[in-house]
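Here's the structure, in structure tokens; my notes come after.
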Amino acid sequence: MPQVPFDDRGLAYGDGIFETVLMRAGKPVLWPYHYARLARGCARLNIPLPSHEQLQEAWQDKPTSELEVLKLILTRGSGGRGYALPDVVAPRLLSRRTPFVVAPERWQQGVSVRICQLRLGYQPLLAGIKHLNRLENVLARQEWQDSAIAEGLLADADGNVIEATSMNVFWQQAGELFTPCLARCGVAGTLRAALLDQGVVRETTLPLNALSNVERLWVGNSVQGIWPVSVLINESGSVLQSWPQATHDPLQTIGHRLLGYLSSPSQAGT
């Protein structure tokens, strides 16, 4: 991987965006959704969008395993005085592919998640995109060290559930499936986008104080798949709610079909 120079604006200011893409047999999964989010991020930050050919170079090498994770980082490049933009923008595109192994036990047994104390700030111009400044998520992830807790839920300043530290949130109420509206903050995941496009879930708000009343709760993303939440822990470390794992999981079934996953541990890499 090329070295990032000291004056790179992504390093200095978080001036850039990134994508984390599941690769299956050398092919990017849900690539149209990743490309669309990358394009939105470039438009919001006014960074030139790389060509399809430039992006495709990131996965031209022979795969080292059936499943890999491709990380693409696009910064504005170097230059400019302080926060002022350089006269000529020369974006810097970095990529890395690493082997990936799924965690099927989390698909089947569910996971424990906790509610984080940190509250997300509002910035509609950055909402939805995957920009390089993830300090809120970094701070939230410092709130627990217990390996038995798989994720942390993040709410906004009004106390509405927005996302998990690295996943989107889904829930069932009155038999319908929902995900939070991300108009003011949060990352709009690519698996979430595909589920919305297919009409599987729809957007609404979920106050923190209503979490214990939902029929089912999930966290998920386009790499790990869909994890049912079995135990919800509040900010003080006490169990707030628990849900038994159902034999049929329609959200996981549809989500994993989109990713090429099956829920059986023996078939998890297929």
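Counting in the UniProt record's numbering, the final residue of the sequence shown is number 270, and the numbers go up one at a time with none missing.
Backbone N, C-alpha and C define an ideal beta-carbon position, used for all residues, glycine too.
All values derive from a computational prediction rather than experimental measurement.
- Beta-bridge partners of ILE73 (DSSP): PHE18, LEU94.
- Look at ALA39 here: in three-state DSSP terms it is helix.
- Shown here for PHE178: same chain residues with a beta carbon closer than 8 Å to its own, the five before and five after excluded, namely PHE170, TRP171, GLN172, VAL201, ARG202, GLU203, THR204, LEU206 in chain order.
- ARG96 counts as exposed, since fewer than 16 other beta carbons sit within 10 angstroms of its beta carbon.
- Pairing GLU235 with LYS130 gives a Cβ-Cβ distance that is not under 8 Å.
- Rounded to the nearest angstrom, the gap between the Cα atoms of SER230 and GLY255 is 18 Å.
- Cβ atoms of GLU136 and LEU125 stay farther apart than 8 Å, at about 15 Å.
- Contact annotation: PRO91 and ILE47 have beta-carbon atoms nearer than 8 Å.
- If you check the CB distance, PRO99 and GLU68 come in under 8 Å.
- The beta carbons of VAL219 and VAL138 sit no closer together than 8 Å.
- Following the DSSP letters along the chain, one finds ASN137 inside the alpha helix (DSSP H) bounded by residues 135-141.
- In summary, PRO5 is exposed, with fewer than 16 beta-carbon neighbours lying within 10 Å of its beta-carbon over all protein chains present.
- For SER166, the closest C-alpha among the options VAL89, VAL223, LEU195 is that of VAL223.
- The region 75-84 makes no contact with the region 183-193; the number of CB pairs closer than 8 Å stays below 3.
- Secondary structure at TRP31: helix, using DSSP grouped into helix, strand and coil.
- Taking all protein chains shown into account, ASN160 has 16 or more neighbouring C-beta atoms within 10 Å of its C-beta and is therefore buried.
- In the three-state reduction of the DSSP assignment, ASP61 falls in the coil class.
- Residue state for ASP249 is assigned as coil, using DSSP reduced to three classes.
- By the criterion of a C-beta distance shorter than 8 Å, PRO28 is surrounded in its chain by VAL21, LEU22, HIS34, TRP59, LEU70, once the five residues flanking it on both sides are discounted.
- Note: PHE178 is bridge-paired with TRP171, ARG202 in the DSSP secondary-structure output.
- The beta-carbon distance between GLY110 and PRO228, rounded to whole angstroms, is 4 Å. This is short enough to meet the 8 Å contact definition.
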